[in-house]
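Sequential numbering of the sequence shown, starting at 6, is according to the working numbering. The beta carbon of each residue, even a glycine, is placed where N, CA and C say it ideally should be. Here the structure is a predicted model, which is why all the values come from computation and not from measurement.
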Amino acid sequence: EFSIVAHCTPASGMTGTNYVYIKGASSANGIEIYFSGSTSRNQKLYVKQRGTTLISKSIYPCDGKTPVSIVYTYKNSLLIGKRAQLWVNGVLEETANPGLIDNSNDHTIGSDGSANGFDGHIEEFMIYKTKLVPVDKDSEYILNTADYSQNLPLLDSNVQKTGDLITLKYSE
Numbered sequence: 006e007f008s009i010v011a012h013c014t015p016a017s018g019m020t021g022t023n024y025v026y027i028k029g030a031s032s033a034n035g036i037e038i039y040f041s042g043s044t045s046r047n048q049k050l051y052v053k054q055r056g057t058t059l060i061s062k063s064i065y066p067c068d069g070k071t072p073v074s075i076v077y078t079y080k081n082s083l084l085i086g087k088r089a090q091l092w093v094n095g096v097l098e099e100t101a102n103p104g105l106i107d108n109s110n111d112h113t114i115g116s117d118g119s120a121n122g123f124d125g126h127i128e129e130f131m132i133y134k135t136k137l138v139p140v141d142k143d144s145e146y147i148l149n150t151a152d153y154s155q156n157l158p159l160l161d162s163n164v165q166k167t168g169d170l171i172t173l174k175y176s177e
């Protein structure tokens with residue numbers, strides 16, 4: 006059970022594949038979150054987890070001014086029909102049933118380790134060890150914690166817990 010929240014602003018003219026976050030060596034056993042499109046006018050958001058791909062239905066502007074809010078939630082429970090949810094700007098864009106990710110210390114924000122770095126600004130990035138439920142209420146973006154469990158372990162040893170917030174340890 007976890008949620009990944011990112012707030013970013015794609016650069017004007019952003020094209021190709023632009024990674025926001027990667028956990029693990031690849032999406033075959035981890036998670037990849039990225040924008041992709043052949044022009045700045047057709048960029049969609051993609052999340053790949055354990056070989057399953059979620060693709061946003063909407064296209065996002067790449068003008069260097071318009072922020073994009075991403076919330077990706079996952080809860081491994083047989084009681085939930087679709088365990089993974091991709092929310093963008095308060096709208097549920099896609100659901101799926103990907104498998105569990107491997108325990109890995111490999112976290113990358115804003116790059117895939119090669120030429121596909123994020124073109125723009127990532128203003129905020131957070132990982133929660135609970136499933137957040139974004140709600141679009143009168144154009145107001147609200148995050149509510151739901152299905153919270155106090156006893157879940159941290160995702161791996163490179164994260165630090167402060168209350169309900171989990172942050173990645175960073176060093177240069």
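- With the rule of 3 Cβ pairs closer than 8 Å, the stretch 32 to 52 counts as touching the stretch 67 to 76.
- The alpha-carbon separation between residue 87 and residue 71 amounts to approximately 30 Å.
- Inter-residue distance for residue 69 and residue 133 is about 27 Å (C-alpha atoms, whole angstroms).
- A direct Cα-to-Cα measurement between residue 59 and residue 128 gives close to 23 Å.
- Within a 10 Å sphere around the beta-carbon of residue 137 sit 16 or more other beta-carbons, which makes this residue buried.
- Annotation for residue 33: no beta strand (DSSP E) segment contains it, and DSSP assigns it neither H nor E.
- Between residue 115 and residue 24, the C-beta spacing is below 9 Å.
- Closest in C-alpha terms to residue 52, from the list 92, 83, 15, comes 92.
- Burial is judged here by how many other beta carbons sit within 10 angstroms of a residue's own beta carbon; residue 33 has fewer than 16 and is exposed.
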